[in-house]
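Beneath this line is the structure, given in structure tokens, with notes to follow.
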Amino acid sequence: MGGKRAYNKKAHRKDATMETTHLQQEEVTQTTPCSAAKLIREVKQKTRKRLSSEDKIRIVLEGFRRELPVSDLCRKENISTPIYYSWLKDFMEAGKSRLKGDGLRDATKSEVRSLRDENNDLKELVGSQALEIQLLKKSLNA
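Throughout the sequence shown, residue numbering follows the numbering used here, covering 19 to 160 in sequence.
Set out below in structure tokens:
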């Protein structure tokens, strides 16, 4: 046959069947209930809709207008009703604390960093002054 091998249907079918069985076994071992749950969790996290604070406020204010029932508004915005009510609660609590005047302003990262640096500088200064005072006391006693 001049260097060409003859095509053997049985051998080819057997190889294909073995390969399919091997792939099916791999799939069974890879999809345990734990890994399936983990995969579902990861997919949900990656596809989760993340709304900005402005969007959340807009949705809560639309709910205040009562042009649509809350259930219809939530369906339109593709959020669950409990999420809407948790945003509403947060919105109301923030407004209440702001009107009371007891809200503390959160420091920015740069403000915190500068205050920490200043604190470290003052600690070094106090430490060096305490060292100088000790040296002066020793020199007076000597």
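In this text, a Cβ means the ideal position worked out from N, Cα and C, and glycines have one as well.
The structure presented is a predicted model; accordingly, all values stated were derived computationally and were not measured.
- Item | Beta carbon of Y103 nearer than 7 Å to that of C92 | Counting from 1 along the sequence shown, the entry for residue 103 is found at position 85. Counting from 1 along the sequence shown, the entry for residue 92 is found at position 74. Not closer than 7 Å, so no.
- Query: Considering K4, what are the terminal residues of the alpha helix (DSSP H) in which it resides?
  - Reply: A query on residue 4 cannot be resolved here, the shown segment of the chain reaching from 19 to 160 and no further.
- Message: For N96 and K67, which I take to be in contact (beta-carbon distance under 8 Å), what is that distance rounded to the nearest angstrom?
- Response: As a working mapping, residue 96 is identified with position 78 in the sequence shown. As a working mapping, residue 67 is identified with position 49 in the sequence shown. N96 to K67, Cβ: 6 Å. Contact.
- Query: With burial defined as no fewer than 16 other Cβ atoms inside 10 Å of the residue's Cβ, what is the status of G81: buried or exposed?
  - Reply: The sequence position of residue 81 within the sequence shown is 63, counting from 1. By the neighbour-count rule (16 or more Cβ atoms within 10 Å), G81 is buried.
- Determine the burial state of I77: buried for a count of at least 16 other Cβ atoms within 10 Å of its Cβ, exposed for fewer. Here residue 77 refers to the residue found at position 59 of the sequence shown. When all chains shown are included, I77 counts as buried.
- beta strand (DSSP E) runs wholly inside the region 63-106, at least 3 long, in chain order: none
- Query: Got a sec? Which residues, its chain only, sit under 8 Å from C52 by beta carbon, not counting five neighbours each side?
  - Reply: Position 34 of the sequence shown, counting from 1, holds the residue named residue 52. Close CB contacts of C52 within its chain, under the 8 Å cut and outside five residues either way in sequence, are absent.
- Pull up the distance between the alpha-carbon of L149 and that of D139, whole angstroms please. Within the sequence shown, numbered from 1, the residue matching residue 149 stands at position 131. Within the sequence shown, numbered from 1, the residue matching residue 139 stands at position 121. Near 15 Å, if we compare the C-alpha coordinates of D139 and L149.
- Length of the line joining the Cα atoms of L69 and K114: Indexing the sequence shown from 1 puts residue 69 at position 51. Indexing the sequence shown from 1 puts residue 114 at position 96. So the alpha carbons of these two residues sit roughly 23 Å apart.
- Length of the line joining the Cα atoms of K127 and L133: Taking the sequence shown and counting its residues from 1, one reaches residue 127 at position 109. Taking the sequence shown and counting its residues from 1, one reaches residue 133 at position 115. Near 10 Å, if we compare the C-alpha coordinates of L133 and K127.
- Item | Start-to-end residues for the alpha helix (DSSP H) that takes in D124 | Here residue 124 is taken as the residue at index 106 of the sequence shown, counted from 1. Element bounds for D124: n/a, residue is neither H nor E.
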